[in-house]
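Peer 1: In the working numbering, the protein residues as written are 63 to 431.
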Ligand SMILES: C[S@@+](CC[C@H](N)C(=O)[O-])C[C@H]1O[C@@H](n2cnc3c(N)ncnc32)[C@H](O)[C@@H]1O
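(1) Just to confirm my understanding: we take residue 429, look at its own chain, exclude 5 residues before and 5 after, and list those with CB closer than 6 Å. What are they?
(2) Would you tell me roughly how many angstroms separate the C-alpha atoms of residue 145 and residue 184, rounded to the nearest one?
(3) Per DSSP, which one or two residues make a beta bridge with residue 223?
(4) So, for residue 274: in the same chain, excluding its five sequence neighbours on each side, which residues have a beta-carbon less than 8 Å away from its beta-carbon?
(5) Within 10 angstroms of the Cβ of residue 438, are there 16 or more other Cβ atoms? Answer buried if so, exposed if not.
(6) Between the C-alpha atoms of residue 149 and residue 131, what's the straight-line distance to the nearest angstrom?
(7) Apply the 10 Å Cβ neighbour rule to residue 107 and answer buried if 16 or more other Cβ atoms are within range, or exposed otherwise.
(8) Where residue 113 and residue 125 are concerned, what is the direct C-alpha to C-alpha distance, given to the nearest angstrom?
(9) Whole angstroms are fine: how far does the CA of residue 392 sit from the CA of residue 284?
(10) Is there contact here, the region 158-172 with the region 316-332, by at least three beta-carbon pairs under 8 Å?
(11) Between residue 348 and residue 368, which are expected to be in contact by the criterion C-beta below 8 Å, what is the C-beta distance as a whole number of angstroms?
(12) Would you identify the three-state DSSP class for residue 370, choosing helix, strand or coil?
(13) May I ask you to report which of helix, strand or coil DSSP gives residue 114?
(14) Near residue 308, what residues of its chain come up, given a Cβ to Cβ distance below 7 Å and the 5 sequence neighbours on each side ignored?
(15) With residue 418 as the anchor, note down where its beta strand (DSSP E) starts and where it stops.
(16) Going by Cα to Cα distance, which pick from 199, 141, 336, 353 is closest to residue 151?
(17) Under 6 Å from any heavy atom of ligand 1, does the C-beta of residue 272 make it?
(18) Leaving aside the five residues before and after residue 70 along the sequence, list all residues of the same chain whose C-beta is less than 7 Å from its C-beta, in chain order.
(19) Which same chain residues end up closer than 6 Å to residue 352 when comparing Cβ atoms and leaving out the 5 residues on each side of it in sequence?
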């Protein structure tokens, strides 16, 4: 592993870096950047403490979240193959780029899922009604849930997403368009311990998890995530989930490496987001987007490949990357339908109904608790 993590106050200085360094102007530039980091400390907003105890608690909790994200990033970047969780795609620009991706000709999942939901809407409504509380995980722009709001007319909608501001705006639009349905936004990170607000009624819940986002988790994590979802439901609750199925490699690669380069911009933008969270100095020009298919794991992988030797610094650490070395930013598992249905059963979902497209590229599953 080409990395070092430094104890506090022992930042690198030019000329005495604790690593053998490759030469070249990019490395020089990176050293300069790494050294500039010595002037910074782990960033916390320089604001005076609010007097109100509620605001103080909120501020402290935001700081703790920020510190946890920074810890996670440092750990990921120091792995033998450096990793950045896909949740770091979703700053404001990342959310906007993802919306563009969903409209690309190569990106079949959104189109296909939408076509399945349009075609089988009536049968789905019969399976799902009545629904009192519609909860969307990874709600993003809340576009997909509009169909369900129209056909199920729930009393309440709860959108959950890590992209707090983007979500808040989408939920506000939804509430205006679907009055008198109450709508609320819950900013949460599914990869951490999270909970719905205690006053969300437990009866009549429908969880909606579209977009094959479950594919971002490896099988063990996905199994735990499904069990967590089952735990959010009472015995009258259900899950409506979209999953992307295995298909020819070239279709998959094109979907994750489009001709216009939007997915490439989305992938590199994660580095920008990491810079703002961690105070690191990734230069996006040093990295190229790469999409691979790993047949043995049935997953598409997205990486960022160093175009030259690079040193990336952050407060209290740095990592040296050789030319060609990658940072792994996303997995997207393509679970075979039978395997996924088994995972749902193990998570405690008993009755399932499945709708697919003519090519069997995608499935929407209603799984009853
Ligand atoms: C691939 S997008 C899907 C958006 C939309 N649901 C759709 O299907 O088009 C994933 C969404 O999940 C959110 N997300 C990603 N990782 C998350 C996490 N760890 N916790 C909460 N939300 C997350 C992102 O902010 C984004 O809105």
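For every residue, glycine included, the Cβ atom is placed at its ideal position computed from N, Cα and C.
Peer 2: In short, the structure shows the following:
(1) Residues of the same chain with a CB within less than 6 Å of the CB of residue 429, apart from the 5 flanking positions on each side, are 301, 406, 411, 414 in chain order.
(2) 42 Å
(3) 249
(4) Closer than 8 Å at the Cβ level, and outside the excluded window around residue 274, lie 171, 175, 304, 305, 306, 394, 424.
(5) Only positions 63 to 431 of the chain appear in this structure, which leaves residue 438 out of reach.
(6) 10 Å
(7) Annotation note: pLDDT 46 at residue 107 (below 50); position unreliable, coordinate value reported separately. Its Cβ having fewer than 16 others within 10 Å, residue 107 is exposed.
(8) 17 Å
(9) 14 Å
(10) Look at the beta carbons and you see the region 158-172 touching the region 316-332: at least three pairs across the two are nearer than 8 Å.
(11) Here residue 348 really is in contact with residue 368; their C-beta atoms are around 6 Å apart, less than 8 Å.
(12) coil
(13) coil
(14) Only 360, 396, 398 meet the Cβ criterion.
(15) 413-418
(16) 336
(17) yes
(18) Note that residue 70 has pLDDT 34, beneath the 50 cutoff, so the model's placement of it is unreliable and no number is given.
(19) 365, 367
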